[in-house]
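Novice: Take the position in the sequence shown, starting the count at 1, then add 87; the result is the number in my numbering.
For glycine and all other residues, C-beta sits at the position ideal for the given N, C-alpha and C.
The model shown is predicted, which means the values in this text are computed figures rather than measured ones.
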Amino acid sequence: MAVRIVVSGFEEAAKVIARIADPDVPQYLDELGGIVASQTQRRIRSEKTSPGGEAWKPNREGTSILFQSGALDDSIHHEVSGRSVEVGSNLVYAGIHQHGGKIIPKNKNALAFSSGGEFFMARSVTMPARPYVGISGANAAEIVSFTEAFILREAGDAG
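1. Please state whether the Cβ-Cβ distance between Gly188 and Ala225 is less than 9 Å.
2. So, under 8 Å CB-CB, Gln126 and Glu229 are touching, yes? Tell me the CB distance rounded to an integer number of Å.
3. Could you say which of Val179, Met214, Gly204, Pro218 lies nearest to Ile190 if we only look at CA atoms?
4. My guess is that Gln185 and Pro218 are in contact by the Cβ rule of under 8 Å, so how many angstroms apart are they, rounded?
5. Do Gly243 and Glu173 count as a contact pair if the criterion is CB distance below 9 Å?
6. Identify every residue that forms a DSSP beta bridge with Ile190.
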């Protein structure tokens, strides 16, 4: 006498497991990049703090820090490449705001600029770092929630 065991429904479970084990990585990274870009823009527009929570140093003019024209905010984008995603800005001055540093004239003896309605000339200007790209604790929690929802959505699409 032989014993025969028939398992039904396993095929659907195997499809779900396979889909979770091999998610649509480019789609995930594209959506993740959009979320991190949005978090970065929110930091520039309203939060005015580094990813670590430190308030940015005020600017000389007393205007909205890193949002005078909105160009930096508008330039924040993400790019998926292979199995990674990068978020940032391609503006020439984006790095000095993120990292801080000393600005010196290239072809003249002094820098000429106006600030707060006054004209200045200086041999150099030191910009304080105002980090805007990065992941805060709240950002990380939002990313984890998104990832969990993405996996559940992927599992649902497999069924």
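Specialist: In terms of the structure at hand:
1. In this structure, Gly188 sits away from Ala225, with a CB-CB distance that is not shorter than 9 Å.
2. 7 Å between Cβ atoms; contact.
3. Selected option, being the one with the closest Cα: Met214.
4. So it is a contact: roughly 6 Å between Cβ atoms.
5. No, the pair does not count as a contact, with Cβ atoms beyond the cut-off.
6. In the DSSP assignment, Ile190 forms a beta bridge with Val212.
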